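Undergrad:
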Amino acid sequence: MKGDIKLRVSKIEKSFPGVKALDKIDFAVTKGTVHVLCGENGAGKSTLMKIINGIYQPDGGQIFIDEKPVKISNPIQARNLGISMIFQEMNYVPEMTVEENIFLGNLPVNKFGMVDWKKVRRHTEELLKAEGLPYSPTTLLKDLTVSDIQMLEIIKAISYKSDIIIMDEPTSAITLKEVHKLFEKIGQLKARGVSIIYISHKLDEIFQIADDITVFRDGTVVESHPKEELDIETVIALMVGRKLTNTYPKEEIELGEDILKVENFSSQNVYDNINFHVKSGEIVGFAGLMGAGRTEVMRSLFGLDPKSSGVVKIKGKEVNIKNVRQSIENGMVMLSEDRRRYGIIPMRSVKENTTLSYLKKVFYGFFLHSKVENDIVSNMFKRMKVKTPTIETPIASLSGGNQQKVLLAKWMIRNPDILILDEPTRGIDVGAKFEIYKLMTDLAREGKSVIMVSSELPELIGMCDRIYVMAKGNITGEIARKDFSQELIMKYATGNLTISGVK
Amino acid sequence: MQIKGNFWSTFKKRYSIYLVLLALSIVCSFANENFFTANNLTNISRQLAVTTILAFGETMLIIAGMLDLSAGSVLALSGVFGVSAYKATGSIMIAVLVAILTGVICNIINAGMISTFKAPPFIATLAMLTMARGVALLYTKGQNILKLDKLTILGQGSIGIIPIPIIFLVVVGIFTWYILNHTKLGRSLYAVGGNKEAAVASGINVPKVLYTVFIINGVLVGLAGILFMSRVNAGLPNGAVNYEFTALTAAIIGGTSFSGGIGTAGGTLAGAFIVGFLDNIMNLTGVDSYMQQIVRGAIIALAVIYDIYTKNRKTKAMLGKQDDADKTKVVKAS
Ligand SMILES: Nc1ncnc2c1ncn2[C@@H]1O[C@H](COP(=O)(O)OP(=O)(O)OP(=O)(O)O)[C@@H](O)[C@H]1O
Ligand SMILES: [Mg+2]
Chain A
334 MKGDIKLRVS KIEKSFPGVK ALDKIDFAVT KGTVHVLCGE NGAGKSTLMK
384 IINGIYQPDG GQIFIDEKPV KISNPIQARN LGISMIFQEM NYVPEMTVEE
434 NIFLGNLPVN KFGMVDWKKV RRHTEELLKA EGLPYSPTTL LKDLTVSDIQ
484 MLEIIKAISY KSDIIIMDEP TSAITLKEVH KLFEKIGQLK ARGVSIIYIS
534 HKLDEIFQIA DDITVFRDGT VVESHPKEEL DIETVIALMV GRKLTNTYPK
584 EEIELGEDIL KVENFSSQNV YDNINFHVKS GEIVGFAGLM GAGRTEVMRS
634 LFGLDPKSSG VVKIKGKEVN IKNVRQSIEN GMVMLSEDRR RYGIIPMRSV
684 KENTTLSYLK KVFYGFFLHS KVENDIVSNM FKRMKVKTPT IETPIASLSG
734 GNQQKVLLAK WMIRNPDILI LDEPTRGIDV GAKFEIYKLM TDLAREGKSV
784 IMVSSELPEL IGMCDRIYVM AKGNITGEIA RKDFSQELIM KYATGNLTIS
834 GVK
Chain B
46 MQIKGNFWST FKKRYSIYLV LLALSIVCSF ANENFFTANN LTNISRQLAV
96 TTILAFGETM LIIAGMLDLS AGSVLALSGV FGVSAYKATG SIMIAVLVAI
146 LTGVICNIIN AGMISTFKAP PFIATLAMLT MARGVALLYT KGQNILKLDK
196 LTILGQGSIG IIPIPIIFLV VVGIFTWYIL NHTKLGRSLY AVGGNKEAAV
246 ASGINVPKVL YTVFIINGVL VGLAGILFMS RVNAGLPNGA VNYEFTALTA
296 AIIGGTSFSG GIGTAGGTLA GAFIVGFLDN IMNLTGVDSY MQQIVRGAII
346 ALAVIYDIYT KNRKTKAMLG KQDDADKTKV VKAS
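Structure, rendered in structure tokens:
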């Protein structure tokens, strides 16, 4: 029945060493509705969800399902109680196949107690077909893009037929098309009476999908209302505790010479004949659907993957970048889209993670200069408003958004000329997003060049001077700021229009 | 929401191994009056010197996600070559250099198999274990080289009252601490062991790091080789069998994590002494030698379980699982 409370938590508390993550949380989800949680990075959203999913035990408080008190000691128990969860931080094994991943911990066995791989294969194929996903059950996860994997996670969680589905930033890694698909799914689930807890930093999305909205700040519930009683400005104000007037701090900056010029850049079967340039002071965007090849181009450029042919010029000089070190020496750095795999050294401190890009700045003479290191890190953290208990805290215990800021700080201390940002605002709250945009503007003003690969069209449109659009490994369009529109970008991105068609 | 660091939990994490060592020495002192004598302690250290030097090498390797199973064999090979060089030239200096060079060459081959040909460290160094022992036996035709004359000073002599092996032990210990804490190499070792792909993407030259750490390991193994032969006053091609396991035990007990990215020089030193004290007290109190093996094995198992347990706790905590030991009262700072 609609209107019944499906899940309720009362006075939930949780502390970690050095942090009170949740402080007496009260929160309830109605049957057959979407309840959105929002709040800044580190507000405690994921922590509460992990408590509901049995991953953490609360220090105090009680969980009720259908108003009956329950104790959830682990995720398997949670699943038996009808709860499943899509995690914010995807924890996948790169060597695993798609089918193994889907049936992980849930493998069907035949009457001899052996895994029924035929059944696994059949179910996986059906599932992939039903969702229109173009890869095979035996594809290895490491060969998929982050968005593919995210889609898999979503499908997996839905396939458990739970009554409560927790989605912790499900759309941070997928593109518009998949978002639409997900929203359709959510609609169907609601109609079936499933309750959904939905966490996102994308406010426009929140307002499309929410029935109720609860705002978290510093481990407490600030307010909780039906969507109709709120608007975006109010939610932002509740989240950050102040009004943000300007979402995109874009400044018109006099552009200089070409800093980066890429010609005939190709890699077999991945991308073909890529040509682009970035001027000093310019912010250039790369738009496209998932699998368009944007990340791959940037990775080759940065020396992480090989290219097969092409010329790269930095400040007019041809460079032959074969590895990351050479790229860094040429003043070009890149923030990877897959934070876990290519970003963090999980068990090491945020300090070590930051200075890893610039060891010779802190190790010189014969010693580590701790004071220099602490100063560099603290100053950069202050400038970027990184929230961490101490700079000795292992990076894995920071909230997702703060991990991202640390990784950005790692490159900022190099003072690069060219900054490639692959999905830089993924999983980052509005306040922090604003800070990253401001940082980009500051860099542009200093005459640096910024390349932003993003699947969020509004931010590309808000921040860029020019946008290249890619489809199927080719650049299909180049759009100047005055001509920006979502429609035009989408036309190029879907391949319905090519550069020659317009120019 | 920033809080004062929890003093006790960091203290526990950082210093628990030293507390264990302290507790053990107190227990040992009570268990046998001969334990806490200058003579006995010097003896223990002298015996521990060789395997502990190996343990420092293993520590650096494990931190980087590597390991060296060939240490004992390469030690024997280096020692035998070093001893022969001494017999031929009469120069201690040349003997030491030849031993070190041998260790280094074997470890460059190890690094080559692993870094350049992508062999798993376990397999690559297992191959080297067999090969090095084979070369040592082939070269000596299986015969021990006897009468090392003045070369024995390295293993048996003292400067003042301090035995020379202990001086080497201390120097290597400080060197390891220095590498891990005060060099780019040390930082890179932690990064490579912690997340190799992220290290590459941060501009770390991973092959160079791996070659360098294996070369350093080679130096230590070679040095241990000549110390060992000189202490037993013979070149033993069959000597030091399984020494790598004693070394690995010390490293593991000392808190070096086999999943990489974690470990300290001080921890390994403490780990080595914990093992050494236990062996010693079992000898002093007349525990049967077969029994001793069982105890030693049990301790390795305990240490590994502890490592996995704490690591799980940590990964769980990262995923968000309960961390009872660290459940702490928190003070809200304004
Ligand atoms: N395993 C852990 N160990 C220590 N501290 C933790 C751990 N997990 C979370 N925290 C801390 O608890 C607080 C809340 O984190 P949480 O991940 O719930 O934030 P969040 O609201 O999900 O943020 P984001 O939007 O960035 O994902 C943060 O200060 C974080 O550093
Ligand atoms: Mg979160």
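If you read the sequences in order, they're chains A and B. Residues in the first sequence are numbered consecutively from 334, following our numbering. Residues in the second sequence are numbered consecutively from 46, following our numbering. The beta-carbon is built from N, C-alpha and C at its ideal position, and this holds for glycine as well. Predicted, not measured: the structure shown is a model, and the values here were computed from it.
1. Ordered along the chain, which non-local residues of its own chain (more than five positions away) have a Cβ less than 7 Å from that of residue 285/A?
2. Can you give me the C-alpha to C-alpha distance between residue 608/A and residue 742/A, rounded to a whole angstrom?
3. Verify whether the separation of the beta carbon atoms of residue 362/A and residue 491/A is less than 9 Å.
4. In this structure, does DSSP put residue 368/A in helix, strand or coil?
5. If you measure beta-carbon to beta-carbon, which residues of the region 679–692 of chain A are closer than 7 Å to chain B?
6. With distances taken from CA atoms, which of 655/A, 771/A, 793/A and 443/A is nearest residue 642/A?
7. According to the neighbour-count rule (16 or more other Cβ atoms, all chains shown, within 10 Å of its Cβ), is residue 476/A buried or exposed?
8. Please determine, among 110/B, 167/B, 301/B and 60/B, the residue with the shortest C-alpha to C-alpha distance to residue 351/B.
9. Measuring alpha carbon to alpha carbon, tell me which of 392/A, 777/A, 358/A and 400/A ends up nearest residue 589/A.
10. Thinking C-beta only, is residue 76/B closer than 9 Å to residue 99/B?
11. Determine the closest residue to residue 104/B out of 128/B, 227/B, 294/B and 212/B, with distance taken between C-alpha atoms.
12. Start and end of the beta strand (DSSP E) containing residue 359/A?
13. 9 Å is my cut-off, CB to CB: does residue 637/A come that close to chain B?
14. Using three-state DSSP, classify residue 513/A as helix, strand or coil.
15. Pick from 455/A, 627/A and 692/A: whose alpha carbon is nearest that of residue 804/A?
16. List the residues of chain A that residue 96/B touches, going by C-beta distances under 8 Å, in chain order.
17. So what does DSSP say about residue 341/A, is it helix, strand or coil?
18. Say yes only if the C-beta of residue 501/A is nearer than 8 Å to one or more non-hydrogen atoms of ligand 2, and no if none qualify.
19. Less than 9 Å between CB atoms is the rule here; does residue 461/A satisfy it with respect to chain B?
20. Ends of the alpha helix (DSSP H) at residue 629/A?
21. Could you list which residues in chain B have their beta carbon closer than 7 Å to that of residue 676/A, in chain order?
22. In whole angstroms, what is the alpha-carbon distance linking residue 102/B and residue 168/B?
23. In this structure, how does DSSP classify residue 436/A when only helix, strand and coil are distinguished?
24. Quick one: complete beta strand (DSSP E) runs, 3+ long, within the region 558–613 of chain A?
25. Determine, using beta carbons only, whether residue 192/B comes closer than 9 Å to chain A.
26. Leaving out five residues before and five after residue 369/B in sequence, what residues of the same chain have Cβ atoms less than 8 Å from its Cβ?
27. Residue 396/A lies in the beta strand (DSSP E); which residues open and close that run?
28. Say the cut is 8 Å; is the CB of residue 378/A nearer than that to a heavy atom of ligand 2?
29. Within the 9 Å Cβ cut-off, does residue 209/B reach chain A?
30. Considering just the uninterrupted stretch of the alpha helix (DSSP H) at residue 766/A, what are its terminal residues?
31. Under 9 Å, Cβ to Cβ, is there at least one residue of chain B near residue 665/A?
32. So, does the CB of residue 351/B fall closer than 9 Å to a CB anywhere in chain A?
33. Going along the chain, which residues of its own chain have a beta-carbon closer than 6 Å to the beta-carbon of residue 313/A, five neighbours each way excluded?
34. Cβ-heavy atom distance between residue 789/A and ligand 1 below 8 Å?
35. Comparing the C-beta of residue 549/A with each C-beta of chain B, is any distance below 9 Å?
36. Compare the Cα-Cα distances from residue 258/B to each of 96/B, 112/B and 303/B and report the closest residue.
TA: Taking the geometry as given:
1. Residue 285/A lies beyond the range of chain A shown here (334 to 836); nothing can be said about it.
2. For the purposes of this step, residue 608/A is identified with residue 275 of the first sequence, where counting begins at 1. For the purposes of this step, residue 742/A is identified with residue 409 of the first sequence, where counting begins at 1. Residue 608/A and residue 742/A have their alpha carbons spaced roughly 29 Å apart.
3. As a working mapping, residue 362/A is identified with position 29 in the first sequence. As a working mapping, residue 491/A is identified with position 158 in the first sequence. No, the pair does not count as a contact, with Cβ atoms beyond the cut-off.
4. Locating residue 368/A in the first sequence gives position 35, counting from the first residue. Strand.
5. The residues in question are 679, 680, 681, 685, 689, 690 and 692.
6. Working through the first sequence from its first residue, we reach residue 642/A at position 309. Among 655/A, 771/A, 793/A and 443/A, the Cα nearest to that of residue 642/A belongs to 655/A.
7. Residue 476/A sits at position 143 when you count from the first residue of the first sequence. With fewer than 16 other Cβ atoms within 10 Å, it is exposed.
8. Locating residue 351/B in the second sequence gives position 306, counting from the first residue. Checked all of 110/B, 167/B, 301/B and 60/B; the closest Cα to residue 351/B is 301/B.
9. Sequence index remark: in the first sequence, residue 589/A carries index 256 (1-based). Closest option to residue 589/A, judged by alpha-carbon separation, among 392/A, 777/A, 358/A and 400/A: 777/A.
10. Looking up residue 99/B in the second sequence gives position 54. Looking up residue 76/B in the second sequence gives position 31. 9 Å or more divides the Cβ of residue 99/B from the Cβ of residue 76/B.
11. As a first step, residue 104/B must be located in the second sequence, where it is residue number 59. Closest option to residue 104/B, Cα to Cα, is 294/B.
12. For this step, residue 359/A is matched to residue 26 along the first sequence. Element bounds for residue 359/A: 352–363.
13. Here residue 637/A is taken as the residue at index 304 of the first sequence, counted from 1. Put simply, the CB of residue 637/A is near chain B, with a gap under 9 Å to one of its CB atoms.
14. Translated into the one-based positions of the first sequence, residue 513/A becomes position 180. Three-state result, residue 513/A: helix.
15. The residue you call residue 804/A lines up with position 471 of the first sequence. Of all alpha-carbon atoms in 455/A, 627/A and 692/A, the one lying nearest the alpha-carbon of residue 804/A is that of 627/A.
16. The count along the second sequence starts at 1 and reaches residue 96/B at position 51. Those within 8 Å of residue 96/B in chain A number zero; the least Cβ separation is about 27 Å.
17. Mapped onto the first sequence, residue 341/A falls at position 8. DSSP places residue 341/A in the strand class (E or B) of the three-state scheme.
18. Walking along the first sequence from the start, residue 501/A turns up at place 168. At least one heavy atom of ligand 2 lies closer than 8 Å to the C-beta of residue 501/A.
19. As a position in the first sequence, residue 461/A is number 128, starting the count at 1. Cβ-Cβ to chain B under 9 Å: no for residue 461/A.
20. Position 296 of the first sequence, counting from 1, holds the residue named residue 629/A. Bounds of the alpha helix (DSSP H) holding residue 629/A are 627–634.
21. Taking the first residue of the first sequence as 1, we reach residue 676/A at position 343. Below the 7 Å Cβ cutoff, chain B contributes 243 as neighbours of residue 676/A, in chain order.
22. Here the question's residue 102/B lines up with position 57 in the second sequence. Here the question's residue 168/B lines up with position 123 in the second sequence. Inter-residue distance for residue 102/B and residue 168/B is about 18 Å (C-alpha atoms, whole angstroms).
23. Stepping through the first sequence from its first residue, residue 436/A is reached at position 103. Looking at residue 436/A - three-state DSSP - the assignment turns out to be coil, as it is neither helix nor strand.
24. Listed in chain order, the complete beta strand (DSSP E) runs (minimum 3 residues) inside the region 558–613 of chain A are 591–600 and 604–612.
25. Numbered from its first residue, the second sequence carries residue 192/B at position 147. Output row for residue 192/B: interface = no.
26. Within the second sequence, the letter at position 324 stands for residue 369/B. Here the model assigns residue 369/B a pLDDT of 30, short of 50, so the residue's position is not dependable, and the following value carries that caveat. Taking residue 369/B as the centre and dropping the five residues before and after it, the same chain places no C-beta closer than 8 Å to its C-beta.
27. The residue you call residue 396/A lines up with position 63 of the first sequence. First-last of the beta strand (DSSP E) with residue 396/A: 393–398.
28. In the first sequence, counting from the first residue as 1, residue 378/A sits at position 45. True, at least one ligand heavy atom lies under 8 Å from that Cβ.
29. Indexing the second sequence from 1 puts residue 209/B at position 164. The C-beta of residue 209/B comes no closer than 9 Å to any C-beta of chain A.
30. Here residue 766/A refers to the residue found at position 433 of the first sequence. 763–778 is the span of the alpha helix (DSSP H), which, as asked, contains residue 766/A.
31. Along the first sequence, one-based indexing puts residue 665/A at 332. Chain B, which has no Cβ nearer than 9 Å to the Cβ of residue 665/A, makes this no.
32. The sequence position of residue 351/B within the second sequence is 306, counting from 1. It does not; no Cβ of chain A falls within 9 Å.
33. The shown model of chain A, from 334 to 836, leaves out residue 313/A, and the question about it has no answer.
34. Start at 1 with the first residue of the first sequence, and residue 789/A comes out as number 456. For ligand 1, not one heavy atom lies less than 8 Å from the Cβ of residue 789/A.
35. The count along the first sequence starts at 1 and reaches residue 549/A at position 216. Against chain B, the CB of residue 549/A has no partner CB under 9 Å away; the residue lies outside that interface.
36. As a working note, residue 258/B is residue 213 in the second sequence. Ranking 96/B, 112/B and 303/B by Cα distance to residue 258/B puts 112/B first.
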